[in-house]
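Participant: Have a look at the structure that comes next, please.
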Amino acid sequence: MSYVRDNGLARARKRRERRSIAILVFCALLVLGAIVFAATFISSPSKQSGPCPNETVSSAPPESASFTLNVYNASGSKGAAATAAEALRTHGFRMGAVGNDPYQHSEDGVGEVRFGPDGAALAKRYVATLVPGAKLVQDGRDGNSVDVVVGSSFPTIAAAPASPSPSPVCK
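Take the sequence shown: its letters are residues 296 to 466, numbered as in the working numbering.
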């Protein structure tokens, strides 16, 4: 029987080859994992996690516009209430009074959304979402009417789209 004797260099060379192969396999798996991870972001919206990109927060008024929306100007610029009222009308609100602020306040900020106890939920859900930055003010009124008071920094309200565009099915 004869034994093959290895010197230390041959064993070191084999260890280095095994280590190199292990590192190459690890890198290949890492690259494959990165490709699969990136593919999930490039795939169709129905395969993405999270909310559907075409889903929007409901800012439309309730069916049949169950409350009256009054728009008042407290900014000092002429026609601000009428412009805001027209934009809000396109969102389906039932418009009431449009004119100067009956409290004769001057608003330097965005403005106010005024409501009574019955209109608090309606004001917060439907009106405040369209007028970001407006102060919510509960006054002592009866009924569920809501007032929008236009201030000097009142944002431009975009008109509602004429008809909803078809959106992909999101699950």
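Using N, Cα and C, we set each Cβ at its ideal position, and we do this for glycine too.
1. Between the C-alpha atoms of Ser315 and Phe321, what's the straight-line distance to the nearest angstrom?
2. How many whole angstroms separate the CB atoms of Ala382 and Ile452, which I take to be in contact at a CB cut-off of 8 Å?
3. Rounded to a whole number of angstroms, what is the C-alpha to C-alpha distance between Ala323 and Asn302?
4. Check whether the Cβ atoms of Val366 and Val393 lie closer than 8 Å to each other.
5. So, using beta-carbon positions, are Asn440 and Gly391 closer together than 8 Å?
6. Return the chain-ordered list of same chain residues with a C-beta closer than 7 Å to the C-beta of Gly446, the five sequence neighbours on each side being excluded.
7. Does the Cβ of Tyr421 have 16 or more other Cβ atoms within 10 Å, making it buried, or fewer, making it exposed?
8. Return the CA-CA distance between Val426 and Pro450, expressed in angstroms with no decimal places.
9. Have a look at Arg313 and Ala307 and give me their C-alpha separation to the nearest angstrom.
10. Taking 7 Å as the limit between beta carbons, can you name the residues of its chain near Ala249, skipping five residues before and five after?
Facilitator: So, from the listed chains and residues:
1. Our two residues, Ser315 and Phe321, have alpha carbons roughly 10 Å apart in a direct line.
2. Confirmed, about 4 Å.
3. If I take the Cα positions, the gap works out to 33 Å.
4. Yes, the pair counts as a contact, with Cβ atoms nearer than the cut-off.
5. According to the sequence displayed, residue 440 carries Ser and not Asn. Here Ser440 is near Gly391, since their CB atoms are less than 8 Å apart.
6. These residues qualify, in order along the chain: Ala369, Ser370, Glu402, Asp403, Gly404, Val405 and Gly406.
7. Buried, since its Cβ has 16 or more Cβ neighbours within 10 Å.
8. Going by the C-alpha atoms only, they are around 7 Å apart.
9. If you take the alpha carbons of Arg313 and Ala307, they lie about 10 Å apart.
10. Residue 249 is absent from the model: the chain starts at 296 and stops at 466.
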